[in-house]
Each structure stands twice: as C-alpha cells, then as structure tokens.
Amino acid sequence: MTTTLAPARTGDRTRALLACGVLAGPVFVLTGLVQGLTRAGFDLTRHPASLLSDGSLGFIQITNFVVSGLLTLAAAAGTRRALPGRWGPRLLAVYGVSLICAGVFRADPQDGFPLGTPAGPPASVSWHGTLHFVSGGIGFACLVAACFAIGSHLAPGRAWYSRISGLLFLIGVAGVASGSTSPAATLGFWAAVIVAWTWLATTSAHLMRR
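Residues in the sequence shown are numbered from 1 upward in steps of one, following the UniProt record's numbering.
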C-alpha cells in the first residue's frame, strides 16, 4: 500500500505547488489594477505599480508583493519537481524573493503620487528606494532568463511561447529602465507585467496537467 500511495501523494504536492503559480498572476495583477483605478492621484499611464506601496493604503500593495512572491516561490518548487532542469526553477525562485524584497523596501513617492508629492522624480533616492530598484532589476532579469530556461524543457510550441513572453517582458522593462515617463512606456510596462504573469499561470497549469 505504501508504494502505491507515495507517488500519488508526491504528485498531489507538486500540483498544489504549481497551483500557486496559477494564482500568483491574478492576485498580483487584479490587486494592482483595482488599486490603480481607485486610489486618488494614481494614473495608470504615468505610475508603475510599485508606487502603490506609498501612502496610507500602501500596506495593500506591500502585502500584494509579499503574497505574490511567496506564491511564486511555491511555483518554483513545483516546477523543480515537474521538470528535469534546475536553472529555470532557481531563476524563478529568485524572482519570487525579489517580489518580497520589493514589498519590504518601498519605492520612493514621485510624480504626484501619493497626492501632494511634487511632479517628476524624487529629489533624492532613499536607501529603501534604492533597494527596491535593485531588487526589481535582479528579479526582472531572472524572470526573463527563467522564461528561456524553463521553455527549453517544454514542447516546441510552448518553448516558443516562453521565449516570446520573456522577450516581450524584457522590452517592457527596457522601456521604463530607459528613463522614459511617456504613457507608451508606462502602459507598455503594465502590459509586459501582465504577459509575464500570464506566462507563469499558463505554464504552471500546463505542468499540472503533465
């Protein structure tokens, strides 16, 4: 009896971990968009989700970062169980840690948000703002690499979907990293974030079915 139940239990644990990857994207994106559409002074065409951590309701986005990071870490563990490669899950795990760090280290208020903040970038960058930026940079790079690393272990169609998702996310990140504050760059980054989370959700669901 033990030898027949152990594989089933292992498979159940793997599917439970991968289910976290399915949930992570909707949790992060929906929480961010609802805040972006309802919080006074926030403009989706000018402000990235990181700024939602500021102000009296900032704890909502901070919690969003931490919860999404923990779900991503669980998804990385599930991916490690489901696929033979190690680098993809490791890179995905680093991205999960970076999300938690992004919640712990808040971005500096800027460009009119929260209300009362002067327009434009902050006059000086705080230590926690610097760590937020560094955490994001490391996490974004690892997520792009994870798309390629995990995709290399999937069937050709899904492999290309992973690579294209990673490339689109990289383009979106490059737009805001260039320093551009145009609506096209900001909305492009929001779109890239949705693409990346959709990739994680669909890939996790695919591995669950396997």
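Where is the CB? At the ideal position from N, CA and C, for every residue including glycine. Just so we're clear, the structure is a prediction, and the values are computed from it rather than from any experiment.
- [ ] Throw me the rounded Cβ distance for the G25 and W197 pair, which I believe falls under 8 Å.
- [x] Here residue 25 refers to the residue found at position 25 when the sequence shown is read from its first residue. Here residue 197 refers to the residue found at position 197 when the sequence shown is read from its first residue. Correct: roughly 3 Å between the Cβ atoms.
Open item on the list: By the three-class DSSP mapping on this structure, what secondary structure does T113 have?
Closed with: For the purposes of this step, residue 113 is taken as the residue at position 113 of the sequence shown. The displayed chain sequence assigns Phe, not Thr, to residue 113. In the three-state reduction of the DSSP assignment, F113 falls in the strand class, which pools E and B.
TODO: Compare the C-alpha of G103 against each of F133, S162, T79, P122 and name the closest.
DONE: Position 103 of the sequence shown, counting from 1, holds the residue named residue 103. Comparing Cα positions, the closest option is F133.
- [ ] Confirm, please, whether the CB-CB distance from C20 to A74 is below 8 Å.
- [x] On the sequence shown, position 74 is the one that residue 74 refers to. On the sequence shown, position 20 is the one that residue 20 refers to. A contact, by the Cβ cut-off of 8 Å.
TODO: Assess, as a yes-or-no matter, whether the stretch 66-73 is touched by the stretch 83-103 under the definition of 3 or more beta carbon pairs within less than 8 Å.
DONE: Touching, yes.
- [ ] Could you check what DSSP says for W190 in three-state terms: helix, strand or coil?
- [x] Residue mapping note: residue 190 aligns to position 190 of the sequence shown, counting from 1. Helix.
Open item on the list: Taking the beta carbon of L168 as the centre, do at least 16 other beta carbons fall within 10 Å, making it buried, or is it exposed?
Closed with: Reading the sequence shown from its first residue, position 168 is the one you call residue 168. Result: buried.
Open item on the list: Let me confirm a value: A184 is counted as buried when at least 16 other C-beta atoms fall within 10 Å, else exposed. Which label applies?
Closed with: The count along the sequence shown starts at 1 and reaches residue 184 at position 184. Exposed, by the Cβ-count rule.
Open item on the list: On the CB-based measure, 16 or more other CB atoms within 10 Å of its CB, does F189 come out buried or exposed?
Closed with: Looking up residue 189 in the sequence shown gives position 189. With 16 or more other Cβ atoms inside 10 Å of its own Cβ, F189 counts as buried.
TODO: Please report how far the alpha carbon of A205 lies from the alpha carbon of P114, in whole angstroms.
DONE: As a working note, residue 205 is residue 205 in the sequence shown. As a working note, residue 114 is residue 114 in the sequence shown. Looking at the backbone, the Cα of A205 and that of P114 are separated by about 37 Å.
Open item on the list: Quick check on DSSP: helix, strand or coil for G85?
Closed with: Sequence index remark: in the sequence shown, residue 85 carries index 85 (1-based). In this structure, G85 counts as coil in the three-state DSSP scheme.
Open item on the list: Out of A82, G129, I194, S162, which one is the CA nearest neighbour of D54?
Closed with: Sequence index remark: in the sequence shown, residue 54 carries index 54 (1-based). For D54, the closest of A82, G129, I194, S162 by C-alpha to C-alpha distance is G129.
Task: Three-state class that DSSP yields for G179 in the structure shown - done: What you label residue 179 is simply residue 179 of the sequence shown in a count that begins at 1. DSSP places G179 in coil when its eight states are reduced to three.
Task: Among A82, S50, A49, nearest to H153 - alpha-carbon criterion - done: For this step, residue 153 is matched to residue 153 along the sequence shown. Ranking the options by Cα distance to H153, first place goes to A82.
- [ ] Please say whether G151 and residue 211 have beta carbons closer to each other than 8 Å?
- [x] Lying before the first or after the last residue shown, residue 211 is absent from the chain, which here runs from 1 to 210.
- [ ] Check S126 in the structure and name its three-state DSSP category.
- [x] Translated into positions along the sequence shown, residue 126 becomes position 126. Three-state result, S126: coil.
TODO: Please work out which residues of its chain come closer than 6 Å, Cβ to Cβ, to I62, disregarding the five sequence neighbours upstream and downstream, and give them in chain order.
DONE: Your numbering for residue 62 matches position 62 in the sequence shown. Apart from sequence neighbours up to five positions away, the residues of its chain that approach I62 with a beta-carbon distance below 6 Å are S53, G103, ordered along the chain.
Open item on the list: For a minimum of 4 consecutive residues, which ranges assigned as the alpha helix (DSSP H) are wholly contained in the stretch 4-84?
Closed with: Restricting attention to alpha helix (DSSP H) runs no shorter than 4 residues, the stretch 4-84 encloses them at 58-82, ordered along the chain.
Open item on the list: Taking the straight line between their C-alpha atoms, what separation do you get for R86 and R80?
Closed with: Residue 86 sits at position 86 when you count from the first residue of the sequence shown. Residue 80 sits at position 80 when you count from the first residue of the sequence shown. R86 and R80: Cα-Cα distance of roughly 6 Å.
- [ ] Find out if the Cβ-Cβ distance for the pair A145, L91 is shorter than 8 Å.
- [x] What you label residue 145 is simply residue 145 of the sequence shown in a count that begins at 1. What you label residue 91 is simply residue 91 of the sequence shown in a count that begins at 1. Yes, the Cβ-Cβ distance between A145 and L91 is below 8 Å.
Task: Contact set for P109: own chain, Cβ-Cβ below 6 Å, skip 5 residues either direction - done: Here residue 109 refers to the residue found at position 109 of the sequence shown. Counting only Cβ-Cβ distances below 6 Å, and skipping sequence neighbours, we find D54, T117.
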